[in-house]
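First residue of the sequence shown: 209, per our numbering; consecutive thereafter. Take a look at the structure set out below.
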Amino acid sequence: MYRQLNLKSPEHLAHRIGVPLSLIESVIADKGKHYHPKPMVTTLGKEPRPIVLIDAVAKPILEKINKLFQTGLDHPPYMHGGLKGKTIHSNARPHIKAEFVLKLDIRKFFPSITPAMVINALAKHCGFSTTTAHVVADLATYEGKLITGSPASTIIASLVIREGTERIYGLVHQRGGQMTVFVDDLTISGGRHLAAVEDTCVLWLEETGVKVNEKKRIRTSGPLASKIITGVDISHGVDAPRGFRRGVQALCHRLDVRAKSGIQPSDNERAVLRGKLNHLRQLNPGMAKLYSKRFRHLLDGSIAVENPEQQMISKDH
């Protein structure tokens, strides 16, 4: 049995997160003032992803709810998304060298979660009273959907599907396998015999009210198969996928050629490069260190040095 919060009134909730109940109620009463839907393009060539921008009044409340759930609840050992200290790296590591890997992706995860699903999950897994659960659901949803862009959404969504993930974890563990969940990605690995439980796992997950994305329902097996889990290549240990590594190389060289012709990277291009190198540092620190050193001039705006002799001349002058 996991530890629960057992908040029996909205007043108790407000006290625990240190926010006046009157402020919480005012946000709920005028959501249109504090929540602003906006389509955001996350991947070139794909449809814009609907997110909700949350203003400076409502966002701190949701951040405190997230912190309350982080520290006041016990979380399953297989949960890696949305928890402090857990990363895509920790999510992928249990599956290294597995003979068989099954990946399930939840289709439109946050938008598929309704206020009623949130209320039920909070009552069951947090010990909230109905009125307290209603208050959190009102804060965490907008236009009938769990907010994409809220600091509390990932942990709330994990509670919504917990009944299904608990059943799957028990079944997989009983058969000697591993299971992890990172936001909307569920990964099962182990021996090839685990392929027999795939349909059961999908059924139990969908019984929570969500749907599996059949286009991203992927199974791989065998020692030579490429196995990528939440952006981590575990085929031969832990590494960044080949496509990502090549993308970093291409970006560095493209920006380097432009810089040598006198066109320095923009602030946005530098931010993108830093982000990619930081991600690479988690998975392939050697390559990240090499590229950070070789292309330092792209990050700090200095002039590229062609050779050591040129570097000495620059220092003398």
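For each residue, glycine too, the CB sits at the ideal point set by N, CA and C.
Check, Outcome
"Please report the straight-line C-alpha distance between P302 and G455, rounded to a whole angstrom.", "26 Å"
"Please say whether K353 and P319 have beta carbons closer to each other than 7 Å?", "yes"
"Determine the burial state of V265: buried for a count of at least 16 other Cβ atoms within 10 Å of its Cβ, exposed for fewer.", "exposed"
"Can you say whether Y210 is buried or exposed, counting buried as having 16 or more other CB atoms within 10 angstroms of its CB?", "exposed"
"With a threshold of 7 Å between beta carbons, is S443 in contact with chain B?", "No chain B is part of this structure, which consists of one protein chain only."
"Rounding to the nearest angstrom, what Cα-Cα distance links L252 and H444 in this structure?", "Residue confidence for L252 is low, a pLDDT of 46 falling below 50, so the modelled location carries little weight; the figure read from the coordinates is stated next. About 30 Å."
"Kindly indicate which three-state DSSP category Y243 falls into: helix, strand or coil?", "strand"
"Can you look up S500 in the DSSP assignment and give me helix, strand or coil?", "helix"
"Reducing DSSP to helix, strand and coil, say where R301 ends up.", "helix"
"Rounded to whole angstroms, what's the CA-CA distance from C204 to P449? Just pull it up for me.", "This structure gives no information on residue 204, because the portion of the chain shown stretches from 209 to 525."
"What's the call for Q386, buried or exposed, on a 16-neighbour Cβ count within 10 Å?", "buried"
"If you follow the alpha helix (DSSP H) that K267 is in, where does it begin and where does it stop?", "266-280"
"Between the Cα of E477 and the Cα atoms of P256, L506, H288, K424, which residue gives the shortest distance?", "L506"
"Report yes if the C-beta distance between A496 and L488 is below 7 Å; otherwise report no.", "yes"
"Measuring alpha carbon to alpha carbon, tell me which residue in A222, G240, P228 is nearest Y350.", "G240"
"Report, in whole angstroms, the separation of the C-beta atoms of T340 and S234, which I expect to be a contact under 8 Å.", "Between S234 and T340 the Cβ distance is about 18 Å, and since that is not below 8 Å, they are no contact."
"For a test of the three-state rule: what should DSSP assign to V260, helix, strand or coil?", "strand"
"So, using beta-carbon positions, are A306 and G384 closer together than 7 Å?", "no"
"Sorted by chain position, which residues of the same chain lie with C-beta nearer than 6 Å to I236's C-beta, five sequence neighbours on each side aside?", "D346"
"Exposed or buried, S361, counting other C-beta atoms within 10 Å across all chains shown (16 or more means buried)?", "buried"
"In three-state terms, what does DSSP make of R211?", "coil"
"Roughly how many angstroms separate the alpha carbons of I296 and H288, rounded to a whole number?", "7 Å"
"When the Cα atoms are used, what is the spatial distance from H244 to L402?", "44 Å"
"If you draw a straight line from the alpha carbon of K272 to that of V446, how long is it in whole angstroms?", "34 Å"
"Around the Cβ of M325, are there at least 16 other Cβ atoms within 10 angstroms (buried) or fewer (exposed)?", "buried"
"When you compare only the Cα positions, how much space is there between V380 and D238?", "45 Å"
"Is V309 near K424, with beta carbons less than 7 Å apart?", "no"
"Taking DSSP's pairing of strands, which residues face I225 in a bridge?", "BP columns for I225 are empty, so no partner."
"Looking at the structure shown, is L291 part of a helix, part of a strand, or coil, going by DSSP?", "coil"
"What does a CB cutoff of less than 8 Å around L413 pick up in its chain, not counting 5 residues either side in sequence?", "L312, I314, I369, G372, T373, I376, L394, V420"
"Check this for me: beta carbons of R462 and S429, under 7 Å apart or not?", "no"
"Going by C-alpha to C-alpha distance, which of Q457, G494, L491, G470 sits closest to L481?", "Q457"
"Measure the alpha-carbon distance for I225 versus K267 and round it to whole angstroms.", "13 Å"
"State the start and end residues of the unbroken alpha helix (DSSP H) segment that holds S361.", "361-368"
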